[in-house]
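Trainee:
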Amino acid sequence: MKKVLFFISIILACLADLFISHHDHAPFWWHKLPAFDALYGFIGGILLIIVAQALGRYWLQKDADYYD
Numbered sequence: 048m049k050k051v052l053f054f055i056s057i058i059l060a061c062l063a064d065l066f067i068s069h070h071d072h073a074p075f076w077w078h079k080l081p082a083f084d085a086l087y088g089f090i091g092g093i094l095l096i097i098v099a100q101a102l103g104r105y106w107l108q109k110d111a112d113y114y115d
């Protein structure tokens, strides 16, 4: 149920970005794309989680008999 609510909130945030924000004087071309900021933040968050898990798994985590 939490996952469904999470994805519904993401979809609603993207739809709100389509209708609410309108960049008349966008400094860059990607600011004119609808829902770009929401998708960029979501993808950045997912990548941050993946990188943190990979660092923890392959660099920080030691074998069970590491100190023996």
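Quick note, the working numbering runs 47 ahead of the 1-based positions in the sequence shown.
Glycine is no exception: its CB is placed at the ideal position from the N, C-alpha and C atoms.
#1: What distance in whole Å lies between the Cβ atoms of I57 and F89, which are believed to be in contact at a cut-off of 8 Å?
#2: So the candidates are L107, A73, Q108 and L80; which of them puts its Cα closest to the Cα of L62?
#3: Return helix, strand or coil for K109, following the three-state DSSP convention.
#4: Put A63 into one of helix, strand or coil per three-state DSSP.
#5: Between the alpha carbons of Q100 and Y113, how many angstroms are there, rounded?
#6: Does the distance from the CB of D64 to the CB of A85 come in under 7 Å?
#7: The alpha helix (DSSP H) with G103 in it runs from where to where?
Mentor: Once the coordinates are examined:
#1: 6 Å
#2: L80
#3: coil
#4: helix
#5: 20 Å
#6: yes
#7: Note, G103: premise wrong, no alpha helix (DSSP H); not H, not E.
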